[in-house]
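Student: The numbering of the sequence shown is my numbering, which starts it at -18 and goes up by one. Let me give you the structure first, and then I'll get to my questions.
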Amino acid sequence: MLNLKLKEIPLIRDSSTFLWFYYDKRREIDFIFKREDGNYLGIEVKYKPEVFKRIEINKVKNYIILSKDTFELEDRIAIVPISIFLALIKSSDFHL
-18 MLNLKLKEIP LIRDSSTFLW FYYDKRREID FIFKREDGNY LGIEVKYKPE
32 VFKRIEINKV KNYIILSKDT FELEDRIAIV PISIFLALIK SSDFHL
């Protein structure tokens, strides 16, 4: 029987893209957006009634958590209903 082991290597790498994701054994971020100033913004989708703030990745300092109904602002974390978030974003300058 063949026994394969996969190794997870968490990485945020610069490339020609502006959007990534992150995961390791304990954490994951759905989207990581590189802003024009070079800083990273983590975006988590938690489409459920109750949302917990448990994100912490070294290179990512600010987060938006997209929720079903919750709206809450803190120092580095904004929890925003996904309907409001989608209404406020402009269309992409990049073609995916």
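Note that the Cβ used here is the ideal one computed from N, Cα and C, for glycine as well.
(1) In this structure, what does DSSP give as the bridge partners for residue 22?
(2) Can you name the residues that DSSP bridges to residue 62?
(3) Near residue 16, what residues of its chain come up, given a Cβ to Cβ distance below 7 Å and the 5 sequence neighbours on each side ignored?
(4) Please report the straight-line C-alpha distance between residue 28 and residue 53, rounded to a whole angstrom.
(5) Can you have a look at residue 48 and say buried or exposed, based on whether 16 or more other CB atoms are within 10 angstroms of its CB?
(6) Using DSSP bridges, identify the partner residues of residue 4.
(7) Taking the alpha carbon of residue 58 as the reference point, which residue from 5, 25, 65 has its own alpha carbon closest?
(8) Taking residue 51 as the reference, which of 63, 40, 20, 18 has the closest Cα?
(9) How should residue 70 be labelled, buried or exposed, when 16 other C-beta atoms within 10 angstroms of its C-beta is the threshold for buried?
(10) Here's the rule I'm using: 16 or more other beta-carbon atoms within 10 Å means buried, otherwise exposed. How should residue 60 be labelled?
Tutor: In this structure, then:
(1) For this step, residue 22 is matched to residue 41 along the sequence shown. The partner list for residue 22 (beta bridge, DSSP) reads 14, 43.
(2) In the sequence shown, residue 62 corresponds to position 81, counting from 1. Beta-bridge pairing links residue 62 to 48.
(3) Residue numbering aside, residue 16 sits at position 35 when the sequence shown is read from its first letter. Closer than 7 Å at Cβ, skipping near neighbours: 22.
(4) Mapped onto the sequence shown, residue 28 falls at position 47. Mapped onto the sequence shown, residue 53 falls at position 72. Roughly 15 Å between the two C-alpha positions.
(5) Counting from 1 along the sequence shown, the entry for residue 48 is found at position 67. Label assigned to residue 48: buried.
(6) Counting from one through the sequence shown, the residue named residue 4 turns up at place 23. According to DSSP, which records beta bridges pairwise, residue 4 is partnered with 9.
(7) As a first step, residue 58 must be located in the sequence shown, where it is residue number 77. Considering only alpha carbons, the answer is 25.
(8) In the sequence shown, counting from the first residue as 1, residue 51 sits at position 70. Measuring from the Cα of residue 51, the nearest candidate turns out to be 63.
(9) Indexing the sequence shown from 1 puts residue 70 at position 89. Result: exposed.
(10) Position 79 of the sequence shown, counted from the first residue, corresponds to residue 60. Classification of residue 60: buried, given that the 10 Å Cβ count is 16 or more.
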